[in-house]
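Just so you know, we're using the working numbering here: the sequence shown kicks off at 8 and counts up by one.
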Amino acid sequence: MDQKIWLSSPHMGESEFNFVKEAFDTNWIAPLGPNVDGFEKDIAGFLGNGVHVAALSSGTAALHLALILLGVKQGDEVLCQSMTFSASANPIVYQGATPVFVDSEEETWNMSPVFLEAAIQDRIKKGSKPKAIIVVHLYGMPADMDSIMEVADRYEIPVIEDAAEALGSTYKGRPAGTFGAMSILSFNGNKIITTSGGGALVSANEDWIKQARFLATQARDAAPHYQHSHIGYNYRMSNVCAGIGRGQMEVLPLRVQQRRRNFELYGEAFRFLPEVRLQEEPNQDYFSNRWLSTLLIDDLKDANVSRETIRLALESRNIESRPLWKPMHLQPVFAGAPFYGDGTCERLFEKGLCLPSGSNLPETDISKVIHILKDCLSLPVTA
Ligand SMILES: *Cc1c(COP(=O)(O)O)cnc(C)c1O
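This is the structure:
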């Protein structure tokens, strides 16, 4: 059996272990400590734009706290990009609110500002103005933030950026995760950097970040005994995990470079084929961290070759690839939730494939993937 080629595997640098060792040596194993503070400062420094950061147990927890801080509650509606991972939408339901899903645009595969406005207008007409907008930067590609923010501001609805996949991406030179009222990051095992599991809430509003830290540590009032005036959560990041995160922040720019190199190699192989479309940056305003290299396979001359035959061909050689995110409005668990769009994200889902994209992939592995893809597409294979 060929050695497994993963979609996206953890990639440690050199100093992660030293930060973790320091946590052990100083017995800071708790969900607070110098690594947590240091990691928060590192992220805030990287993102700039006056943001503050709360390091949490996951990106999902961060999104849940963002909705709580915006006052989303039972019976409210929250607009959410349909094409995304379920963790973008689940916290809406944790709050007893209803997700209203919005289609993608062709250019970025992210939330369409046109359908966003159509959804807002229709929900208002039906008597319920949405409480928040969750926009996602899929696979690292920034959404069209000028247009999204313009619509959101006009209707005075706060934006939460789900930047779980987009740490290191920029839009018009400004980091993804610094546009909305709040944003979330994820450090799960397969993301561009990882703490083995973790996330962060980001906002320029320091009060929100302080409140998030308070709620994430069981909402203890200032008293010598345990006293509570709010429902709390156990959502803080541990000092051990944050140690890994501090080491990972040192290599983040390098990881972006390495993942962008993967995309370039795939691009050189497939960019000029009519059957293949890559998730290209629409113009100079967009800079993707290329968390995952993705492509669409369409209009094949051989009708027997589909996205799925290619995925299975890769699998038979022990290579992991994956269809794009299945839209949330097509998920059984969200059946019946409103959806606004023309089916763009459904078409992307049918044709799209995520290719091995780890920052630690040797070039020979990428060549192997390219070779198999060309074989499937009955294209001449050149070196
Ligand atoms: C990974 C991911 C999340 C969730 O982050 P966790 O840390 O795994 O909870 C949310 N949204 C998107 C788009 C993601 O890719």
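Positions of the beta carbon are idealized from the N, C-alpha and C atoms, including for glycine.
- Where Ser323 is concerned, there is no enclosing beta strand (DSSP E), although the alpha helix (DSSP H) around it starts and stops at 314-323.
- Inter-residue distance for Tyr273 and Ser176 is about 19 Å (C-alpha atoms, whole angstroms).
- The shortest CA-to-CA distance from Val312 to any of Met90, Lys381, Ala37 is the one to Lys381.
- Judged by DSSP in its simplified three-state form, His71 adopts helix.
- Counting only unbroken stretches of 3 or more residues, the beta strand (DSSP E) elements lying wholly within the region 268-303 are 283-285, in sequence order.
- Sequence-distant Cβ neighbours of Pro182 in its own chain, meaning closer than 6 Å and more than five residues away, are Leu54.
- Short of 6 Å from the beta carbon of Tyr101, and not among the five residues preceding or following it, lie these beta carbons of its own chain, in chain order: His71.
- In this structure, the straight-line span from the alpha carbon of Trp298 to that of Ser245 is close to 25 Å.
- Per DSSP, the continuous alpha helix (DSSP H) segment holding Val376 begins and ends at 370-383.
- As a beta-bridge residue in DSSP terms, Thr105 pairs with Glu84.
- Taking a C-beta distance under 8 Å as the contact criterion, Tyr347 and Asp110 qualify as a contact pair.
- Collapsing the DSSP output to three states places Met244 in coil.
- Contact annotation: the region 130-148 does not touch the region 371-385, with fewer than three C-beta pairs closer than 8 Å.
- Taking a cut-off of 8 Å for Cβ pairs, the region 351-371 and the region 8-23 touch, as three or more such pairs fall below it.
- A distance criterion of 7 Å places the beta-carbon of Val209 beyond contact range of ligand 1, judged by its closest non-hydrogen atom.
- For Ala159, same chain residues with a beta-carbon under 6 Å away, outside a window of 5 residues either side, are Ile140, Val166 in chain order.
- Proximity of the beta carbon of Gly206 to ligand 1 is indicated: a heavy atom of the ligand is located closer than 7 Å.
- Secondary structure at Arg329: strand, using DSSP grouped into helix, strand and coil.
- As computed with DSSP, Leu208 is found in a beta bridge with Ala61, Ile191.
- The Cβ atoms of Gly252 and Thr202 lie closer than 8 Å to each other.
- Here Ile131 is exposed. Its C-beta has fewer than 16 other C-beta atoms within 10 Å.
- Arg243 is classed as buried because its beta carbon has at least 16 other beta carbons within 10 Å across all chains shown.
- Per DSSP, reduced to three states, the secondary structure at Tyr347 is strand.
- Beta-bridge pairing by DSSP links Gly359 to Leu303.
- Taking C-beta atoms under 8 Å as the contact rule, Ile75 and Val60 fail to qualify, at a distance of about 17 Å.
- In this structure, Gly66 has its CB closer than 7 Å to one or more heavy atoms of ligand 1.
- Taking 8 Å as the cut-off, the Cβ atoms of Phe108 and His378 do not count as close.
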